[in-house]
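Chains as they are written, first to last, in the working numbering: chain A, 1 to 154; chain B, 1001 to 1154.
2 protein chains.
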Amino acid sequence: MTADAGPVRCADLSFSRALVMQIHISPNDGVPIYLQLVNQIKYQVASGRLAPGEELPAIRVLAEQLLINPNTVARAYRELEVAGLVEKRRTAGTYVSEQGSPLARRERLKILTERVDALVAEAGQMDFALEDVLALVQQRHAALQTARAQAVRE
Amino acid sequence: MTADAGPVRCADLSFSRALVMQIHISPNDGVPIYLQLVNQIKYQVASGRLAPGEELPAIRVLAEQLLINPNTVARAYRELEVAGLVEKRRTAGTYVSEQGSPLARRERLKILTERVDALVAEAGQMDFALEDVLALVQQRHAALQTARAQAVRE
DNA sequence: CAATTTGTATTATTGAGTTAATACAAGATG
DNA sequence: CATCTTGTATTAACTCAATAATACAAATTG
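Shown next as structure tokens:
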């Protein structure tokens, strides 16, 4: 693959419409590689670093860049598709969805309620009052908004 | 074990100081057995069904009751001990701790902040507003309180 | 002080989840 | 229409967490 015959064709790759993604993988982090991919891409979408309509690198390209198996990238892309964050166009590549999440509100609410239940239960375990939790939610929400704004400005 | 020789000694067991725990295990729930134990015992402590100072069933007793391996119960008890919910007295049994959680507030806050961050990020992904999340937290907190009160009354 | 009851430690087996190797299908493109 | 690039599908190997089998250590108790 490295010792390819013929004239230099690297230029083709550098012209690719899809950006070169800034992703870092920690092979032995405990967290599965495909999940690291999902999380980092999710966060990049959430923070505005990846804009709707933008094309993601082809599965093989990203796999080569990160020195991992294409199947691993494929799995991450599939999960992102199910989550509604990206759309695949058969042979044309993978793109960031225009709308955040296409799931029905009822479904989303159900998922969120599960998360909230777990949080509230755990907070209770740790002897935190409702007010503590509410304050923390507001505080961390603000922090995320700040991070977002900064990312967009860059 | 069932066809034990000698006179009937079952009476000894029925006089045990430790209660007969109401726990239900779903072997193929995806959730590991030891975690099901941890969660259910945690919840019983949180809801007041298990009072501080109360003795838990001996590892072997609970294992036999639930038809699982003693090691699995031992693991659950160990995790509960690390979490500070129970205390072990070498050869005298396992007891519900007097205080809920002995972790320093700083530590607990750190853990809770991680949870909140994840929740806020996910809620944002799902296009929920901060107000939605706050309302849901209050709502589910109230629901948990109700469930608690009911459990104590029983 | 022997017996019983408590939790502990070590090791092996199993099973699910993760990753990789490889071959395939389908649409775009010159 | 041949070729290239895209995502897809199938299968195998590997890793690790969960559970079980078994033997051990320590304290109470009659």
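Every residue gets a Cβ at the ideal spot worked out from N, C-alpha and C, and that includes glycine. Computed from a predicted model, the values in this text were never measured in an experiment.
Assuming A:Thr72 is part of the alpha helix (DSSP H), what are its boundary residues? 70–82
Evaluate contact between the stretch 1105–1113 of chain B and the stretch 32–42 of chain A, counting only Cβ atoms and requiring at least three cross-stretch pairs below 8 Å. no
For A:Leu80 and B:Val1061, what's the separation of their Cα atoms in angstroms? 46 Å
To which residues of the same chain is A:Val116 closer than 7 Å at the C-beta, ignoring the five residues directly before and after it? none
In the DSSP assignment, find the alpha helix (DSSP H) that holds B:Val1031 and state where it starts and stops. Element bounds for B:Val1031: n/a, residue is neither H nor E.
With DSSP run on the structure shown, which of helix, strand or coil describes B:Gly1093? strand
Near-chain B residues of the stretch 124–143 of chain A - C-beta to any C-beta below 9 Å: Gly124, Gln125, Met126, Asp127, Phe128, Leu130, Asp132, Val133, Leu134, Leu136, Val137, Gln138, Gln139, Arg140, His141, Ala142, Ala143
Kindly indicate which residue of A:Ala83, A:Glu55, A:His141 has the alpha-carbon position closest to the one of B:Ala1118. A:His141
Excluding the five sequence neighbours on either side, which residues of its own chain have a C-beta within less than 6 Å of the C-beta of B:Ile1023, listed in chain order? Gln1040
Contact set for B:Gln1036: own chain, Cβ-Cβ below 6 Å, skip 5 residues either direction: Ile1025
Is B:Ile1111 close to chain A? Criterion is C-beta to C-beta, closer than 9 Å. yes
So the candidates are A:Leu136, A:Ala63, A:Ala76, A:Asp132; which of them puts its Cα closest to the Cα of A:Val20? A:Ala63
C-alpha distance - A:Ala51 paired with A:Gly84, whole-angstrom precision: 14 Å
Round the Cβ separation of A:Glu55 and A:Gly93 to the nearest angstrom and send it over; I've been treating them as touching at under 8 Å. 5 Å
First and last residue of the uninterrupted alpha helix (DSSP H) at B:Gln1127: Sequence inspection shows Asp at residue 1127 of chain B; the Gln mentioned does not correspond to that position. Segment: none, B:Asp1127 is in no alpha helix (DSSP H) and carries neither H nor E.
So what does DSSP say about A:Leu119, is it helix, strand or coil? helix
Going by alpha carbons, who is nearest to A:Arg106 out of B:Asp1127, B:Leu1066, B:Arg1089? B:Asp1127
Alpha carbon of A:Ala76 to alpha carbon of A:Val45, nearest angstrom: 14 Å
At a Cβ cut of 9 Å, what residues of the stretch 42–71 of chain A count as close to chain B, listed as they run along the chain? Lys42, Tyr43, Val45, Ala46
Quick one: what's got a C-beta closer than 7 Å to B:Gly1053's C-beta in the same chain, skipping five residues either side? Tyr1095, Val1096, Glu1098
9 Å is my cut-off, CB to CB: does A:Val96 come that close to chain B? no
Who are the neighbours of B:Asp1117 on chain A, taking C-beta pairs under 7 Å? Arg140
Within 8 Å: the Cβ of A:Asp127 and any heavy atom of the ligand MN? The ligand content of the structure shown is nil, which means the ligand MN is not present either.
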